[in-house]
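Per my numbering, numbering of the sequence shown is gapless, rising by one per residue and ending at 465.
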Amino acid sequence: MKFLRTSLALALSWGLLVALAPVAHGESARQGPTTERAVLRRATLIVRDIDVSIRFYRDVLGFSVWLDNRGKVGPSSLPSDAPIGAPSRFVIMKGKHPWVGMIGLLQYGNAQEPTEAPAKLVPGDVVLMIETDELDAAFVRMKAAGTQILRPIETARVTGAGGRNWTASFVFAFDPDGHLIELNQRRLEEDAGHPTESAEDMAAVVKIRRAFTDTRLGQLHYRVAQPVSPAGMATPLVLLHQTPLSGRMFSEFLPVIARDRAVYVPDTPGYGESDSPGTRPTFETYGAALADFISDIGEPVDLLGYHTGAGLAIEIAHRYPERVRRVILVSIPLLTDAQRARFSQPPAASSIREDGSHLLDMWQSTMSVSLEEAARLVAEKQRSLTHTEWALTALAGYPLGLRLSQLAQPTLILRPRDGLWEQTGQAAKLVPSAQIIERSDWSYGLFDAYPEEIAELLARFLER
2 MKFLRTSLAL
12 ALSWGLLVAL
22 APVAHGESAR
32 QGPTTERAVL
42 RRATLIVRDI
52 DVSIRFYRDV
62 LGFSVWLDNR
72 GKVGPSSLPS
82 DAPIGAPSRF
92 VIMKGKHPWV
102 GMIGLLQYGN
112 AQEPTEAPAK
122 LVPGDVVLMI
132 ETDELDAAFV
142 RMKAAGTQIL
152 RPIETARVTG
162 AGGRNWTASF
172 VFAFDPDGHL
182 IELNQRRLEE
192 DAGHPTESAE
202 DMAAVVKIRR
212 AFTDTRLGQL
222 HYRVAQPVSP
232 AGMATPLVLL
242 HQTPLSGRMF
252 SEFLPVIARD
262 RAVYVPDTPG
272 YGESDSPGTR
282 PTFETYGAAL
292 ADFISDIGEP
302 VDLLGYHTGA
312 GLAIEIAHRY
322 PERVRRVILV
332 SIPLLTDAQR
342 ARFSQPPAAS
352 SIREDGSHLL
362 DMWQSTMSVS
372 LEEAARLVAE
382 KQRSLTHTEW
392 ALTALAGYPL
402 GLRLSQLAQP
412 TLILRPRDGL
422 WEQTGQAAKL
432 VPSAQIIERS
442 DWSYGLFDAY
452 PEEIAELLAR
462 FLER
């Protein structure tokens, strides 16, 4: 099951919004400052038979097992009925989002018989809201597995923050331990009247191809996506990736954002499938090579940059203003003095180790993404292994703060809560005319987890 995202809510969800009242909740992008300091990453359920629970969340709802630890109850364990020395097992189940919305399953002692589902909700009960893009198929699996259904599939209009409306379908059911699940699917008709599109639908309206072009730093590899019917297309958009990754990081987002415009995704020189520069470029030279590519497009473009790519977008917009119409910056790498000093020094030795332990380091650094995503990230990093740090070293010597304050184009700053949360907040102060959207509920992997929502946010900015 391909999850758009997995959300856990305590007694508040779309179906409950419909049942209770049209109150607002945090679905729409917030603009302006935020005071939230916490992110719900996981809810852990104490279960009676963990194998039964795994089968439910994996085979019925579509989660995958990300962690499976076995141990014994000890003096430092959470209090339970299990005696010291009894077996314990802790499993983490993941949906598609790489950071949030995980479900923990914890069993103390031996398996117990399942319990009866509660007849009604009382204070202290929890409702888990899980979003999917295949509600009908999941409902069939629920019935086949003997899941206790509280309410079958219903569809209704939901009112969210700012009075925004959309359509959602949902089903209420109990997991093997009597926890109430709301499984829902957001229908994308919304107010604009756009129907939900499957991958096959997107392939029918968006064509993606790959190519190479020459720049001052060698051959540059890029992807380009555009509507099959190009009439009335909007300004071309160029997406600049973070390093040491490549344009593949936008794979989920690309066919969504390219429905009404040509979208170009170059691999920064030395990364992905682009040629290595041979010697260390300055940050300005990286920008100039990408500007060579943009010049070949033949008309002004809109620029989106993420992490290191945000820095490159700033440089290109500053130095080649006639080629850039609007700028979108996602997680801005405004380095501190200490970071500049650390990153300005190239690594003392090769990052390749004879025993291959550098591969284990890379694997462990992928943290809580899925196994498939971890494998892809490690493979991506291998491409630039001998010059992984070059772009970051170049960034350390670049006056990013000054260039931010000199931006002349209309600018949107998107601030997810990732490792550059604080830096992006500081950077935003340097662009007083910028529009700022803060999403503390988003983190790494946002272009994979929220392609539709990001495309909608960008459209509002780009179409002004």
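We treat Cβ as the ideally placed atom computed from N, Cα and C, and that holds for glycine.
Straight-line gap, phenylalanine 57 to proline 80 (C-alpha atoms, nearest Å): So the two alpha carbons sit approximately 26 Å from each other.
So, with DSSP's three-state summary, where would you put phenylalanine 140? DSSP places phenylalanine 140 within a helical segment (H, G or I) once states are collapsed to three.
Go through its chain and collect everything with a Cβ distance to methionine 143's Cβ below 7 Å, but skip five positions before and after it. So the list reads Val61, Ile150 and Ala174, once near-sequence residues are dropped.
Any chain B beta carbon closer than 8 Å to alanine 314: Among the chains in the structure shown there is no chain B, since it carries only a single protein chain.
Glycine 96, buried or exposed, once every other Cβ within 10 Å from all chains shown has been counted against 16: Buried: at least 16 other Cβ atoms inside 10 Å.
Roughly how many angstroms separate the alpha carbons of arginine 404 and arginine 320, rounded to a whole number? Spanning the two alpha carbons is a distance of roughly 9 Å.
Nearest by alpha-carbon distance to glutamate 155: which of Gly86, Pro301, Gln427 and Phe171 is it? Cα-wise, what sits closest to glutamate 155 is Phe171.
If we ignore side chains and look at the alpha-carbon of each, how far apart do methionine 234 and aspartate 215 end up? Approximately 26 Å, taken between the alpha carbons.
Evaluate contact between the region 292–305 and the region 386–399, counting only Cβ atoms and requiring at least three cross-stretch pairs below 8 Å. They do not touch, by the three-pair rule.
In the DSSP output, which residue or residues are listed as bridge partners for proline 228? BP columns for proline 228 point to Val207.
Is it a yes or a no for the region 280–298 touching the region 308–316, going by three-plus beta-carbon pairs under 8 Å? Touching, per the Cβ criterion.
Quick check on this structure: which residue in Ile455, Pro452, Glu454 and Phe448 has the alpha carbon closest to the alpha carbon of glutamine 243? It is Phe448 whose Cα lies nearest to the Cα of glutamine 243.
With DSSP run on the structure shown, which of helix, strand or coil describes isoleucine 104? If DSSP states are grouped into helix, strand and coil, isoleucine 104 belongs with the strands.
Please confirm if the region 323–342 is in contact with the region 417–429, defined as three or more CB-CB distances below 8 Å between the two stretches. Output reads yes: the region 417–429 touches the region 323–342.
Buried or exposed by the 16-neighbour rule on C-beta atoms within 10 Å, applied to lysine 382: Counting other Cβ atoms within 10 Å of its Cβ, lysine 382 reaches 16 or more and is therefore classed as buried.
Would the region 108–124 and the region 135–142 be scored as touching if the rule is three or more Cβ pairs under 8 Å? By the criterion of at least three beta-carbon pairs nearer than 8 Å, the region 108–124 is not in contact with the region 135–142.
Pick from Arg326, Gly105 and Pro270 that is closest to threonine 309, judged by C-alpha positions: For the options Arg326, Gly105 and Pro270, the alpha carbon positioned closest to that of threonine 309 is the one of Pro270.
Where does threonine 160 sit, in a helix, a strand or coil, going by DSSP? Under the three-state reduction of DSSP, threonine 160 is assigned to strand.
Across which residues does DSSP place leucine 181 in a beta bridge pair? Its beta-bridge partners are Val128 and Phe175.
Any idea what DSSP makes of proline 153, helix, strand or coil? Reduced to three states, the DSSP call for proline 153 is strand.
Cutting at 6 Å between CB atoms, please list the residues of its own chain near glutamate 457, excluding the five before and the five after it. Cβ within range, chain order: n/a, list empty.
Under three-state DSSP, which class holds leucine 403? Under the three-state reduction of DSSP output, leucine 403 falls in the helix class.
Whole-angstrom C-beta distance between aspartate 268 and serine 277, which should lie under 8 Å: 11 Å between Cβ atoms; not a contact.
Can at least three beta-carbon pairs, one atom from the region 435–442 and one from the region 351–361, be found at a separation below 8 Å? The region 435–442 is not in contact with the region 351–361.
With DSSP run on the structure shown, which of helix, strand or coil describes aspartate 52? Note: aspartate 52 maps to helix in three-state DSSP.
For alanine 146 and alanine 83, I'd like the C-alpha separation in whole angstroms. Rounded to the nearest whole angstrom, the C-alpha separation of alanine 146 and alanine 83 is 29 Å.
What residue range is occupied by the uninterrupted beta strand (DSSP E) comprising leucine 46? For leucine 46, the enclosing beta strand (DSSP E) covers residues 43–47.
Classify isoleucine 455 as helix, strand or coil using the three-state DSSP reduction. Here isoleucine 455 sits in helix by DSSP.
Proximal residues to glycine 105 (C-beta, below 8 Å), its chain only, five neighbours per side dropped: Closer than 8 Å at the Cβ level, and outside the excluded window around glycine 105, lie Arg43, Ala44, Thr45, Leu46, Phe91, Val92, Ile93 and Met94.
If we call anything under 8 Å between Cβ atoms a contact, is tyrosine 265 one with tyrosine 223? Yes, these two residues count as a Cβ contact at 8 Å.
Drop a sphere of 10 angstroms on the beta-carbon of alanine 259, count the other beta-carbons inside from all chains shown, and report buried for 16 or more, exposed for fewer. So alanine 259 ends up on the buried side.
Would you tell me roughly how many angstroms separate the C-alpha atoms of arginine 465 and arginine 187, rounded to the nearest one? Cα to Cα, arginine 465 sits roughly 26 Å from arginine 187.
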